[in-house]
Amino acid sequence: MSVWLPTATCRPETCLAEPAPEVSHPRRALRLTGCLTAVLAGVALSLPARLIPNGARERLVRVWARVVLRTLGVTVHLAGPSDGGAGGGVLVVANHVSWLDVPLLASGRPGRSLAKTEVRQWPVLGPLAAWCGTVFLDRDRLRTLPDTVAAVAGVLRSGHPVIVFPEGSTWCGRESGRFRPALFQAAVDAGADVQPVTIRYRLADGRPTSVPAFIGDDGLLTSLARVVAARGLVADVTFLAPIPPPGPQPSRAGARRELARAAQAAIEGIR
Numbered sequence: 000m001s002v003w004l005p006t007a008t009c010r011p012e013t014c015l016a017e018p019a020p021e022v023s024h025p026r027r028a029l030r031l032t033g034c035l036t037a038v039l040a041g042v043a044l045s046l047p048a049r050l051i052p053n054g055a056r057e058r059l060v061r062v063w064a065r066v067v068l069r070t071l072g073v074t075v076h077l078a079g080p081s082d083g084g085a086g087g088g089v090l091v092v093a094n095h096v097s098w099l100d101v102p103l104l105a106s107g108r109p110g111r112s113l114a115k116t117e118v119r120q121w122p123v124l125g126p127l128a129a130w131c132g133t134v135f136l137d138r139d140r141l142r143t144l145p146d147t148v149a150a151v152a153g154v155l156r157s158g159h160p161v162i163v164f165p166e167g168s169t170w171c172g173r174e175s176g177r178f179r180p181a182l183f184q185a186a187v188d189a190g191a192d193v194q195p196v197t198i199r200y201r202l203a204d205g206r207p208t209s210v211p212a213f214i215g216d217d218g219l220l221t222s223l224a225r226v227v228a229a230r231g232l233v234a235d236v237t238f239l240a241p242i243p244p245p246g247p248q249p250s251r252a253g254a255r256r257e258l259a260r261a262a263q264a265a266i267e268g269i270r
């Protein structure tokens, strides 16, 4: 359910494809420098950006996310209407492969994200996440989950999209996890649509790749090093039609499970 989660669920023997072509070491250094500069610029702009109208702020976030991805050498292909035909409070759900998923989604549809509480303590990214209105989830204290669901529902009712990765962990893209229904309860409570989004990574020649993923014991720096070294990394992001909240159900649990199954089926149908 969380974002920026450097926890791999896939094994190296099932995920690692043929090595990706690589750029030179000076090019890697330039990419790292450019990315750090863009991230620090985002931190500097985050507070004043909250004072400008919502539409202008979303456009600024889109531009910033695209700049970050470009500095890393990632080519982004967006497909489908990023607003899904429904504006305002929408629960945006996607399969989870990499830390790159967050700026990818922001490049098409900025929204408030859900993140584990540890992210708040991360240097640079932690303050940036907090200033962007991230909703934090304490995974070690599940009794706080109802409060998190209520907070997400409140954001949806206020007319803002919320981005969630309901697999609960990152997967390599060749394998995937089951969508956990808990956070879909927020959409049920708020009467909000759910917009599924598919994320796929490939090389310029069309071969699927696990370069950005967390595999085995990988950490953020290991994945980052692979990304800045890769030549021709492409991310395909497809925004699918929104799913309205279900009609009367025998239970609230039934409603959120139905939404979770429908969203996962839509994403797997594209993948």
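Here numbering that gives the first Met the number 0 is used: the first residue of the sequence shown is 0, the next is one more, and so on. Think of the CB as a built atom: it goes at the ideal place given N, C-alpha and C, for glycine as much as any other residue.
In chain order, each beta strand (DSSP E) run of at least 3 residues that lies wholly inside the stretch 183-212:
192-202
Nearest-angstrom Cα distance between W3 and A212?
Numbered from 1 along the sequence shown, position 4 holds the residue referred to as residue 3. Numbered from 1 along the sequence shown, position 213 holds the residue referred to as residue 212. In this prediction, W3 has a pLDDT of 40, which is less than 50 and means its spatial position is unreliable; what the coordinates show is noted afterwards. The alpha-carbon atoms of W3 and A212 are separated by roughly 11 Å.
With V134 as the anchor, note down where its beta strand (DSSP E) starts and where it stops.
On the sequence shown, position 135 is the one that residue 134 refers to. From DSSP, the beta strand (DSSP E) with V134 extends over 134-136.
For T237, collect the residues of the same chain with a Cβ closer than 6 Å to its Cβ; drop the 5 residues on either side in sequence, then sort them by chain order.
Along the sequence shown, one-based indexing puts residue 237 at 238. Result list for T237: A78, G79, T197, I269, in chain order.
Provide the residue span of the alpha helix (DSSP H) that contains V151, from first to last.
Reading the sequence shown from its first residue, position 152 is the one you call residue 151. V151 -> alpha helix (DSSP H) spans 144-156.
List the DSSP bridge partners of E21.
On the sequence shown, position 22 is the one that residue 21 refers to. E21 is bridged to A229.
Residue from G88, L29, V66, E57 with nearest C-alpha to P243
Numbered from 1 along the sequence shown, position 244 holds the residue referred to as residue 243. When each option's Cα is compared against that of P243, the closest is G88.
Would you tell me roughly how many angstroms separate the C-alpha atoms of A37 and R58, rounded to the nearest one?
Along the sequence shown, read from residue 1 onward, the residue named residue 37 stands at position 38. Along the sequence shown, read from residue 1 onward, the residue named residue 58 stands at position 59. Taking the straight line from one Cα to the other gives about 16 Å.
Quick one: any contact between the stretch 47-56 and the stretch 17-32, if contact means 3 or more CB pairs under 8 Å?
no
On the CB-based measure, 16 or more other CB atoms within 10 Å of its CB, does A149 come out buried or exposed?
Along the sequence shown, one-based indexing puts residue 149 at 150. With fewer than 16 Cβ atoms within 10 Å of its Cβ, A149 is classed as exposed.
For P102, I'd like the list of residues in its chain whose CB is within less than 6 Å of its CB, leaving aside the five on either flank, ordered along the chain.
Working through the sequence shown from its first residue, we reach residue 102 at position 103. So the list reads A64, V67, L68, once near-sequence residues are dropped.
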